[in-house]
Each structure stands twice: as C-alpha cells, then as structure tokens.
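Colleague: Handing you a structure now.
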Amino acid sequence: MKNLIVLLTIVLTITSCATEGKIEDIVVIGGGLMGSSTAWELSKYGNDVLLIEQQNAVYTFGSSFGEARISRSLGPNEDIFSYLQQTSVSETKNLIDYLNKGEKHELHSMEDIYTTSPVTYIYSKSQLKEVEALLDGQTDRYEYASNVLEAEEKFGMKIPDTTMVIREFKDYSGTLNPKVLIQKLHKAIRKAGNRINYNQKVTGLKKVDGIYKIEITNTQTGSSKTVLSKKVVAAAGPYNGTLVKEIAPYLTNLITPKRLFLSFIKINSAKYNALSIAQKEKLKASYPVAYLNSEIFYSMIEKFDEDDIPLLKTGAHFLRTDISDLDEVWKLELTTEEIQWSKENTLNYLTKLDLPIAFEDLEYERGYSCVYSLTQSEVPYVSNALDSDLEIDAGLIIVGGMSGIGAKGALAYGLFAADLVLNKKNNSYMYQKAMSALGSERMMKDIQNIDN
Ligand SMILES: Cc1cc2nc3c(=O)[nH]c(=O)nc-3n(C[C@H](O)[C@H](O)[C@H](O)COP(=O)(O)OP(=O)(O)OC[C@H]3O[C@@H](n4cnc5c(N)ncnc54)[C@H](O)[C@@H]3O)c2cc1C
87 MKNLIVLLTI
97 VLTITSCATE
107 GKIEDIVVIG
117 GGLMGSSTAW
127 ELSKYGNDVL
137 LIEQQNAVYT
147 FGSSFGEARI
157 SRSLGPNEDI
167 FSYLQQTSVS
177 ETKNLIDYLN
187 KGEKHELHSM
197 EDIYTTSPVT
207 YIYSKSQLKE
217 VEALLDGQTD
227 RYEYASNVLE
237 AEEKFGMKIP
247 DTTMVIREFK
257 DYSGTLNPKV
267 LIQKLHKAIR
277 KAGNRINYNQ
287 KVTGLKKVDG
297 IYKIEITNTQ
307 TGSSKTVLSK
317 KVVAAAGPYN
327 GTLVKEIAPY
337 LTNLITPKRL
347 FLSFIKINSA
357 KYNALSIAQK
367 EKLKASYPVA
377 YLNSEIFYSM
387 IEKFDEDDIP
397 LLKTGAHFLR
407 TDISDLDEVW
417 KLELTTEEIQ
427 WSKENTLNYL
437 TKLDLPIAFE
447 DLEYERGYSC
457 VYSLTQSEVP
467 YVSNALDSDL
477 EIDAGLIIVG
487 GMSGIGAKGA
497 LAYGLFAADL
507 VLNKKNNSYM
517 YQKAMSALGS
527 ERMMKDIQNI
537 DN
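The sequence shown begins at 87 in the numbering used here and counts up one residue at a time.
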C-alpha cells in the first residue's frame, strides 16, 4: 500500500508538471488579432513560439469576433494610425506570399481578407479646421464635398448644410475580415513549424527567478499544467489586466474594458430587390461610413446573405456601457433602445444617400455585445511591462488597449511587439514616432499619473 501511494505521488507530480522540464522561448497568450499577429511576426523572423488561446479554433467571442472591421488609411500628415494601417497592409502581403510559397496554385489572396471600397466620412461644419488639417498635403486619393451642392454632384448625397463629406479611395481601404485574417495567421504560424494550443486558459502568470510560470487550465477537460517560458507576450484583449495582475498590477488602472453593441440591419428583401442596379451599386459604394458626430455612428457591409442582400453592421464608437462581468458581457442581448438607435441611424444615412427606404423597410436581424479595451487617451499600448521600480521588464510585452482601431493596424502592432520581444531596432522616423506613442515611455508616464 505504501509503495502504491509513493508511485501515485510520483505519477501525479510528473503529470501536473508535465512541461516544467522544458522552457519555452516565447509564449504568446491570446489568439485574437493581436496575439495571432505577434505570433506570426515572431514566426516570420524564424523564432520558436507557442500561442495559447482559451477558445476552440472557431471563436465565439472576443474583441476580434466578427467578419468586418473598417480599414482606413486617411489621416493628417505623419499620422501614426495611417502609418500603422499601411504597415499592416504590407505585412499582410508578406503573410499572403508566405502562405502561397511552395504551393502549385495561389491559394491565398489579399482579397480573401480585404474588401476595397470607398470609405465615407461625414463631418460637421464645426470640424472644418480638423478637415482642413486632414486634407492639407493629403497623399491618399479622396473626394471632398464641402457643401450641399458638392455632395449632390460628387456623391449623389442629400446632406444638411451643417455637414461635409469626404470619401477615401485606396487599395485595401474599405473593410477587412478579422475571422479570415486570424485563420490565415494561424495557418502561417503552423506552416513555420510553430504551435497553437486552443482550449487552454491561462489562470496564473508569475515570474520566478527570471522565468515566467504560466498556469494553464484545459477548458474542455479541466486538467491543469504549468508552462515555463523565457519571454511572454500578453495579448488577451480585455482580459489583459487580469492576466498580468501579479506582475503588472497597474494595468487594470490603465486599461478599462467597456461594452459596445453591434446590430445587423437588413433592408427587407422586397424593398431591396425593387432598387435599381444603380441604386444597389450606390449603396455598396457608400459603405463603410463613419459619421464623426458625438456618438460616431459607423456602419459597414458585414457580408451579403444567400439572396445577395447586404447585412449592414452598425454601431457607435462612443455608446459604451460599464461591464459587471466580463465573461458574461458577450452574451448580453441588445436593449430595445439600442435596436431602435441602430435602425434610426441606418435610416438617417440611407436617406442622405437619397435611397427610397423607410423605417419600416429596415429589419433587425440580430446583434451582439462586444468589448473595447480603453486607455485614457484611447491610444493602445505595445510596450514592455514595467516592474515595481518602473524598470523595463525585457521578458514581458503587453499588447492592449486597442479600443475601436486595432484591427486595421493589427499586423503592425504584431510586428512592433515581435521587435520588442527580440529587441530589434528600427530607426525609421514613423516607426520611432509610433513606438513613442505606444511604448514604454508613455506607459511609464501613465503609471505615474494613476493617482493624480
Ligand atoms: C465593436 C467593435 C468594433 C470595432 N471596429 C473596428 C473597426 O471598424 N476598425 C478597426 O480597425 N478596429 C475595430 N475594432 C477594434 C479591433 O477589432 C480590436 O482592437 C481587436 O480586435 C482587438 O484584438 P485583441 O487581440 O487585442 O483582442 P481579442 O480579440 O479579444 O483577443 C484576445 C484573445 O485572448 C483570449 N484570451 C483572453 N484571456 C485568455 C486567457 N486567460 N488565456 C488564454 N486566452 C485568453 C481571448 O479568448 C481572445 O481570443 C473594433 C472593436 C470592437 C469591439
């Protein structure tokens, strides 16, 4: 009996510490757009990486959930967000080339991910200075309607005389599909010989003697194990604060998750089919749109249904609510007011497009709750973590606070994070400018300001 107990103890010790013998080079936690992009960029550089994701390979929630995000480039001179979007587009081209390498036929294309389409911006006349700064020396192609007449002439739009319209035209501006992008990133990570472990939830992260101890629970079997790693990238989206709470407890003060809603609105089939071909084309060319009013209404075509009717995804950048339980928030239904708001704002835009659609022609298909991770300035972090003496922790990189802008720059954030992991330098002016906006110097200042 005594021998049996000793044997059992040995077996249990071996299984619970199954991976403790091995020390990983780099573990990326979170397989949304940010973690997947970072793991890919590290793979591209030839590193050994393990990506850990708590969900199954088919995601049902997360800030990257869905099939459309606005991808736009237009910004004022030396704008870091234009730079990030353009860098992400060129990194996505590298990804596609890598996936096609060695294949007899080109199996992957940029068009699987991006739908190039004009991006429409509606501004209020009170934002004239902002618009002038945006267009001054602008190198991206655009059309600008500064008044009612020009809006009618250039875009066939009927706008109030308090507004102005800009339309951006550029390859890979329009929308991008995060679901497809994540799938391709995962394919490329594997093609490079790296591993992705799904259904693995990180339940603890500690640093012991310079090595990260990552406690993991299998979400299907409930079994747990510990993985050791020399370096860690925290890319758990809105869960980042909880994830790093033992090493970087300040992060919960720097990044706040907030709930947003997204509605899918459809024009009823009889009405949509009665539109002329020109009207349907006009509708297609007028999405995505961002109305830069106080709520920032935005809308895009998520996809076309089996009858070729567009599903209009609609939301508002500033209509945010507090979250009481992050695990539950994804399942929250939309309120009657949110659905009403979505229909009214969709109708308002379709009326500006001079399309013969009435409120009763709009059908609410479905909706879901989603989460922004918000920093105070709404600018994300791609930064080394800082220890209690505010010294840089070279082994822990945080990619978070992505708000509503992360997707269009996803691979650029991934590239920056990979460069931090590997301590790679890039002295180009825009890279440095973006890094100082996203990186550890800013994080340090933000930590010092927490109690002020
Ligand atoms: C409503 C909405 C609209 C948006 N619209 C746009 C847009 O139009 N254009 C644009 O550019 N951007 C947009 N964004 C922003 C963009 O989608 C996000 O910035 C981006 O998807 C964030 O990706 P992420 O990887 O940081 O987070 P997530 O996608 O949330 O990824 C984090 C991952 O980590 C996993 N995870 C969490 N905790 C753990 C753990 N403990 N163990 C293991 N895994 C864990 C999660 O399951 C998840 O898959 C929008 C965002 C939202 C919410």
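C-beta atoms are modelled at their ideal positions from N, C-alpha and C, and glycine is treated no differently.
1. Pair every Cβ in the region 445–454 with every Cβ in the region 308–322, then say whether three or more of these pairs are closer than 8 Å.
2. Just checking my contact of Ser349 with Leu420 at CB under 8 Å: how many whole Å lie between their CB atoms?
3. Please classify Lys292: does DSSP put it in a helix, a strand, or coil?
4. Closer than 7 Å: is that where the CB of Gly242 sits relative to any heavy atom of ligand 1?
5. Would you identify the three-state DSSP class for Glu218, choosing helix, strand or coil?
6. Taking 7 Å as the cut-off, is the CB of Lys494 close to at least one heavy atom of ligand 1?
7. Beta-carbon separation of Ala498 and Ser174 under 8 Å?
8. Alpha carbon to alpha carbon, what distance is there between Lys287 and Thr307?
9. What are the partner residues of Asp479, as DSSP defines its beta bridges?
10. Can you tell me whether Val288 sits near ligand 1, meaning its C-beta is under 7 Å from at least one heavy atom of the ligand?
11. Tell me, please, which residues DSSP counts as bridged to Lys287.
12. Quick one: measure Cβ to Cβ for Ala321 and Met120, integer angstroms, because I've assumed they're closer than 8 Å.
13. Does DSSP put Pro335 in a helix, in a strand, or in coil?
14. Out of Tyr228, Ala520, Ser428, which one is the CA nearest neighbour of Val205?
15. Leaving out five residues before and five after Ile115 in sequence, what residues of the same chain have Cβ atoms less than 6 Å from its Cβ?
16. Spell out a yes or no on whether the region 362–374 and the region 386–395 are touching, meaning 3 or more CB-CB pairs, one atom from each, closer than 8 Å.
17. If you draw a straight line from the alpha carbon of Ile302 to that of Leu291, how long is it in whole angstroms?
18. Taking only heavy atoms of ligand 1 into account, decide whether any of them is closer than 7 Å to the Cβ of Ser149.
19. Do Lys211 and Thr178 count as a contact pair if the criterion is CB distance below 8 Å?
20. Quick check on DSSP: helix, strand or coil for Pro396?
21. Using a Cβ-Cβ cutoff of less than 7 Å, which residues in the same chain neighbour Thr432 once the five nearest sequence positions on both sides are dropped?
22. Can you tell me whether Glu139 sits near ligand 1, meaning its C-beta is under 7 Å from at least one heavy atom of the ligand?
23. What does a CB cutoff of less than 7 Å around Ala523 pick up in its chain, not counting 5 residues either side in sequence?
24. DSSP has Glu127 in a bridge; who is on the other side?
25. Restricting to Cα atoms, I'd like to know which of Asp198, Asn434, Leu418, Leu193 is closest to Arg345.
26. Hey, how far is the Cα of Thr407 from the Cα of Thr342?
27. DSSP on Pro324, reduced to helix/strand/coil?
Modeller: Taking the structure as given:
1. Because the criterion of three Cβ pairs below 8 Å is not met, the region 445–454 and the region 308–322 do not touch.
2. Reading the sequence shown from its first residue, position 263 is the one you call residue 349. Reading the sequence shown from its first residue, position 334 is the one you call residue 420. That belief holds up - the Cβ atoms of Ser349 and Leu420 are roughly 6 Å apart, short of 8 Å.
3. Numbered from its first residue, the sequence shown carries residue 292 at position 206. Three-state DSSP puts Lys292 in a strand.
4. Counting from one through the sequence shown, the residue named residue 242 turns up at place 156. Relative to ligand 1, the beta carbon of Gly242 is positioned no closer than 7 Å to any heavy atom.
5. Within the sequence shown, the letter at position 132 stands for residue 218. If DSSP states are grouped into helix, strand and coil, Glu218 belongs with the helices.
6. Position 408 of the sequence shown, counting from 1, holds the residue named residue 494. Taking 7 Å as the cut-off, the C-beta of Lys494 counts as close to a heavy atom of ligand 1.
7. Numbered from 1 along the sequence shown, position 412 holds the residue referred to as residue 498. Numbered from 1 along the sequence shown, position 88 holds the residue referred to as residue 174. Yes, they are a contact pair.
8. The count along the sequence shown starts at 1 and reaches residue 307 at position 221. The count along the sequence shown starts at 1 and reaches residue 287 at position 201. Each residue's Cα considered, the two are about 11 Å apart.
9. Taking the sequence shown and counting its residues from 1, one reaches residue 479 at position 393. Its beta-bridge partners are Ala471.
10. On the sequence shown, residue 288 is found 202 positions in, with the first residue counted as 1. Yes, the Cβ of Val288 comes within 7 Å of a heavy atom of ligand 1.
11. As a working note, residue 287 is residue 201 in the sequence shown. For Lys287, which the question treats as bridged, DSSP gives the partners Thr303.
12. Along the sequence shown, read from residue 1 onward, the residue named residue 321 stands at position 235. Along the sequence shown, read from residue 1 onward, the residue named residue 120 stands at position 34. Right, the Cβ-Cβ distance comes to about 4 Å (below 8 Å), so this counts as a contact.
13. Your numbering for residue 335 matches position 249 in the sequence shown. In the three-state reduction of the DSSP assignment, Pro335 falls in the coil class, being assigned neither a helical nor a strand state.
14. Here the question's residue 205 lines up with position 119 in the sequence shown. Measuring from the Cα of Val205, the nearest candidate turns out to be Tyr228.
15. Numbered from its first residue, the sequence shown carries residue 115 at position 29. Here the set comprises Ile138, Val288, Ala320, Ala322.
16. Because the criterion of three Cβ pairs below 8 Å is met, the region 362–374 and the region 386–395 touch.
17. Position 216 of the sequence shown, counted from the start, is the residue given in the question as residue 302. Position 205 of the sequence shown, counted from the start, is the residue given in the question as residue 291. Near 9 Å, if we compare the C-alpha coordinates of Leu291 and Ile302.
18. In the sequence shown, residue 149 corresponds to position 63, counting from 1. Yes - ligand 1 has a heavy atom lying nearer than 7 Å to the Cβ of Ser149.
19. For the purposes of this step, residue 178 is identified with residue 92 of the sequence shown, where counting begins at 1. For the purposes of this step, residue 211 is identified with residue 125 of the sequence shown, where counting begins at 1. Cβ atoms of Thr178 and Lys211: not closer than 8 Å.
20. Within the sequence shown, numbered from 1, the residue matching residue 396 stands at position 310. Reduced to three states, the DSSP call for Pro396 is strand.
21. One-based indexing of the sequence shown puts residue 432 at position 346. Excluding sequence positions up to five before and after Thr432, its CB lies within less than 7 Å of the CB of Ile351, Ser385, Leu398, Thr400, Leu448, all in the same chain and listed in chain order.
22. Within the sequence shown, the letter at position 53 stands for residue 139. Correct: Glu139 has its Cβ closer than 7 Å to ligand 1.
23. Here residue 523 refers to the residue found at position 437 of the sequence shown. Hits under 7 Å: Ile166, Val465.
24. In the sequence shown, counting from the first residue as 1, residue 127 sits at position 41. According to DSSP, Glu127 bridges with nothing at all.
25. Taking the sequence shown and counting its residues from 1, one reaches residue 345 at position 259. Closest option to Arg345, Cα to Cα, is Leu418.
26. Here residue 407 corresponds to residue number 321 of the sequence shown, with the count starting at 1. Here residue 342 corresponds to residue number 256 of the sequence shown, with the count starting at 1. Those two C-alpha atoms are separated by around 11 Å.
27. Within the sequence shown, the letter at position 238 stands for residue 324. Note: Pro324 maps to helix in three-state DSSP.
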